[in-house]
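Protein chains: 2
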Amino acid sequence: MSELRKDPIVGKWVIISVERGKRPSEFVRKSLPARSGFCPFCPGNEDKTPPEIIAYRPTGTPPNTPGWTLRVVPNKFPALRIEGDLERAGEGVYDRMNGVGAHEVIIESPNHADTLATISEKAFEDLLWAYRDRIIDLKRDRRLKYVLIFKNQGEEAGATLEHTHSQLIALPVVPKRVQEELDGCLKYFNYKERCIFCDIIRQELLQRNRVVSENQDFLCITPYASRSPFETWILPKRHTSAYENAQKNEYQSLAQIFRDTLKRLDKVLENPPYNFMLHTAPLNHGESEYFHWHFEILPKLTEVAGFEWGSDFYINPTPPEEAARFLREATLE
Amino acid sequence: MSELRKDPIVGKWVIISVERGKRPSEFVRKSLPARSGFCPFCPGNEDKTPPEIIAYRPTGTPPNTPGWTLRVVPNKFPALRIEGDLERAGEGVYDRMNGVGAHEVIIESPNHADTLATISEKAFEDLLWAYRDRIIDLKRDRRLKYVLIFKNQGEEAGATLEHTHSQLIALPVVPKRVQEELDGCLKYFNYKERCIFCDIIRQELLQRNRVVSENQDFLCITPYASRSPFETWILPKRHTSAYENAQKNEYQSLAQIFRDTLKRLDKVLENPPYNFMLHTAPLNHGESEYFHWHFEILPKLTEVAGFEWGSDFYINPTPPEEAARFLREATLE
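So the protein sequences, as listed, match chains A and B. Okay, so the first sequence: first residue is 135 according to this note's numbering, each after it adds one. Okay, so the second sequence: first residue is 135 according to this note's numbering, each after it adds one.
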């Protein structure tokens with residue numbers, strides 16, 4: 135079983151994943167395995183993944199057979215596993231617990247060549263529903279504190295399989311980055327009695343220079359302190375802190391702006407590798423006045439190097455105002 | 135001039151570097167410039183860098199001419215500049231200041247083919263003295279709060295020039311990651327009345343399973359909650375919080391263990407790309423009872439992907455105990 139270990143100085147948790155255990159030789163670049171033509175996520179290969187958790191498929195088709203349009207399966211090499219107890223324990227100055235959690239893969243399309251920018255708006259909306267369905271299901275497990283949904287697109291962004299997919303990791307602790315956002319939002323709320331994201335949305339809609347696009351329910355911006363070139367956020371205009379509580383029409387609206395944003399990034403940056411992640415309230419928080427869920431999209435264009443590792447300070451060579459202008463002015467078919 | 139912008143939610147600063155300004159086309163991978171054979175850091179090309187700040191060279195040789203063994207020059211494309219006032223200002227919900235600071239390059243050897251694992255122990259010691267000399271000089275500028283010294287070795291770790299060099303960025307704020315360490319150390323000190331790093335050193339010397347090597351003055355370990363495979367720390371055994379206050383013999387001792395560690399990493403991982411950074415006390419802190427300076431070395435073997443970006447949670451496939459054993463057992467010539 136994997137182990138969760140806490141950095142005793144800054145309080146950050148790390149997953150020491152024994153099941154993925156790597157020997158030094160596996161890290162040496164020249165020994166990276168060659169890509170085979172076989173894809174475990176393509177229809178017909180359903181038996182090459184663990185049995186599906188949910189799938190969107192025509193009624194009457196049996197599980198783990200072709201016909202599906204979206205499929206959620208456990209990760210075959212999970213960083214965390216759902217079985218077992220946390221068993222928090224100390225070891226001198228250090229703290230650990232068992233790697234209890236969930237690690238799932240959301241296969242976004244049956245077609246190997248698709249990307250999130252090429253699937254239909256309906257398929258994108260289904261994906262957003264799948265995220266919601268999984269959060270609601272995992273919430274019932276009281277050991278879990280947070281569900282992080284994310285996507286790695288392209289090898290440089292960490293994808294190890296080409297077939298378009300997102301991932302979900304459910305954690306027994308609230309991750310540090312999310313806790314920092316919650317703390318920052320609460321500090322602002324205690325001072326101003328307003329949600330900081332709501333204030334950001336108001337200011338961006340007035341200034342307009344970092345707005346990429348908007349629709350009735352959502353706003354897409356390049357954030358003021360973008361960590362990397364073309365960092366892009368998508369936020370609901372209405373104050374709401376838990377993704378799974380969105381209205382039905384909002385998932386449709388989100389699919390429209392999210393897909394449009396990815397198309398714009400693909401156009402301007404010529405199909406860049408990217409990561410995105412959903413920041414939503416912790417599982418047991420429910421709706422709060424101070425937090426506001428959103429997606430963060432980070433094209434992988436620069437390297438995290440010594441300065442960034444050492445400082446958590448980022449150097450961004452592209453002002454977000456310029457990035458927003460390029461994205462806004464991109465002409466899409 | 136570059137601009138420093140503060141993330142209004144988590145309080146992290148970002149350098150929006152206008153002088154390095156990049157257009158979208160420059161990020162598209164296929165248009166990366168081909169490497170030319172010319173190296174601005176090689177002897178004879180001293181006029182291709184800004185004039186040297188310091189150099190270790192035979193007495194009598196004029197500045198900016200060959201003969202040097204180590205040379206410190208301003209970065210030609212600095213993220214921050216030494217001229218100007220901070221001019222902290224607000225813009226609605228956002229905060230900014232001017233990009234005042236310093237960005238220097240430490241050229242570690244005149245020989246293009248050298249690495250820090252191949253230079254002599256004397257040359258390594260000189261490098262450690264150069265770090266000290268620069269910190270002491272920059273400390274006199276009261277606008278500066280922190281000097282971050284770091285190295286990017288190899289293209290995958292963010293190096294853009296091959297010729298072996300470290301970098302130094304002096305900042306008008308204490309970076310978030312360092313502040314978190316300071317806060318964590320102080321919290322521990324307030325509770326235990328001991329330095330947490332001193333406690334870690336004591337525990338590691340007893341347990342031995344994460345010790346790579348030690349000498350009279352320093353200890354090299356793979357940290358308990360290593361963020362990535364083969365993360366390695368070098369710490370002074372004696373409690374001391376400011377790098378620049380080390381004893382003369384300690385720089386010699388550090389050169390020995392640091393060079394040995396890099397040789398071990400090169401041997402076990404076959405010359406991996408890596409980053410290292412010095413974490414020392416902020417410039418105006420002086421010696422404190424609760425902080426303990428150290429170097430962190432991070433081989434670049436895994437990608438920072440969506441999960442890590444979204445959570446600041448790391449998945450490490452190699453237990454540090456295994457990494458330490460491989461490094462300890464490596465046979466060096």
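Ideal Cβ placement from N, Cα and C applies to all residues, glycine included.
Residues of the stretch 435–451 of chain B with a C-beta less than 9 Å from any C-beta of chain A: L435, T436, E437, V438, A439, G440, F441, E442, W443, G444, S445, D446, F447, Y448, I449, N450, P451, listed in chain order. In the structure shown, the three-state DSSP call for V312 (chain B) is helix. Between the alpha carbons of K397 (chain A) and V234 (chain B) lies a distance of about 37 Å. Not one beta carbon of chain B lies nearer than 8 Å to the beta carbon of R462 (chain A). Per DSSP, the unbroken alpha helix (DSSP H) holding N383 (chain A) starts and ends at 382–403.
Shown in chain order are the members of the stretch 257–289 of chain B whose Cβ falls below 7 Å from a Cβ of chain A: L282, F284, K285, N286. Fewer than three pairs of CB atoms, one per stretch, sit closer than 8 Å, so the stretch 303–323 of chain A makes no contact with the stretch 446–454 of chain A. Note that the stretch 386–393 of chain B does not touch the stretch 433–441 of chain B; fewer than 3 beta-carbon pairs, one per stretch, sit closer than 8 Å.
Listed in chain order, the non-local C-beta contacts of I187 (chain A) below 6 Å within the same chain comprise V206, local neighbours out to five positions each way being set aside. In the three-state scheme derived from DSSP, where H, G and I count as helix and E and B as strand, E137 (chain B) is classed as strand. The three-state reading of DSSP puts Y448 (chain A) in strand, counting E and B together.
Residues of the stretch 404–423 of chain A with a C-beta less than 8 Å from any C-beta of chain B: E404, P406, N409, F410, M411, L412, H413, listed in chain order. Listed in chain order, the non-local C-beta contacts of L282 (chain A) below 6 Å within the same chain comprise I303, local neighbours out to five positions each way being set aside. Annotation: the continuous alpha helix (DSSP H) that includes C332 (chain A) extends over 330–341. In the structure shown, A223 (chain A) adopts extended strand secondary structure according to DSSP, grouped into three states. The straight-line gap separating the alpha-carbon atoms of R311 (chain B) and G145 (chain A) is approximately 12 Å.
In this structure, the CA atom of L340 (chain B) is about 19 Å from the CA atom of D141 (chain A). Interface residue (Cβ-Cβ distance to chain B less than 8 Å): I330 (chain A) is classified as such. In this structure the stretch 226–245 of chain A does not lie against the stretch 368–377 of chain A, because fewer than three pairs of beta carbons, one per stretch, are closer than 8 Å. Listed along the chain, the chain B residues whose CB falls inside 8 Å of the CB of I335 (chain A) amount to none; the nearest CB is some 10 Å away.
Under the 10 Å beta carbon count, G444 (chain B) is surrounded by 16 or more other beta carbons and is classified as buried.
Look at V402 (chain A): its C-beta is under 8 Å from a C-beta on chain B. Uninterrupted alpha helix (DSSP H) stretches at least 4 residues long and entirely within the stretch 237–288 of chain A occur at 255–272, given in chain order.
By the C-beta criterion, the stretch 211–228 of chain B is judged not to be in contact with the stretch 248–265 of chain B, since fewer than 3 inter-stretch pairs fall below 8 Å.
R230 (chain B): member of the beta strand (DSSP E) spanning 228–232, first to last residue.
In terms of beta-carbon proximity, R139 (chain B) lines the interface with chain A, with at least one pair separated by less than 8 Å.
Burial check for K285 (chain B): the Cβ neighbour count within 10 Å reaches 16 or more, so the residue is buried. Residue pairing from DSSP leaves A457 (chain A) without any beta-bridge partner. Three or more beta-carbon pairs drawn from the stretch 451–462 of chain A and the stretch 359–368 of chain A are found closer than 8 Å, and the two stretches are therefore classed as touching. Straight across, the Cα-Cα distance linking S300 (chain B) with A380 (chain B) is about 20 Å. Around the CB of Y358 (chain B), 16 or more other CB atoms lie within 10 Å, so the residue is classed as buried. For V346 (chain A), there are no C-beta contacts with chain B under 7 Å, since the nearest C-beta of that chain is about 14 Å from it.
Per DSSP, the unbroken beta strand (DSSP E) holding L412 (chain A) starts and ends at 408–413. Identification of chain B residues near G226 (chain A) by a Cβ-Cβ cut-off of 7 Å yields Q337, ordered along the chain. At a cut-off of 8 Å between beta-carbon atoms, P453 (chain A) makes contact with chain B.
For C319 (chain B), the neighbours in chain A by C-beta distance under 7 Å run, in chain order, I143.
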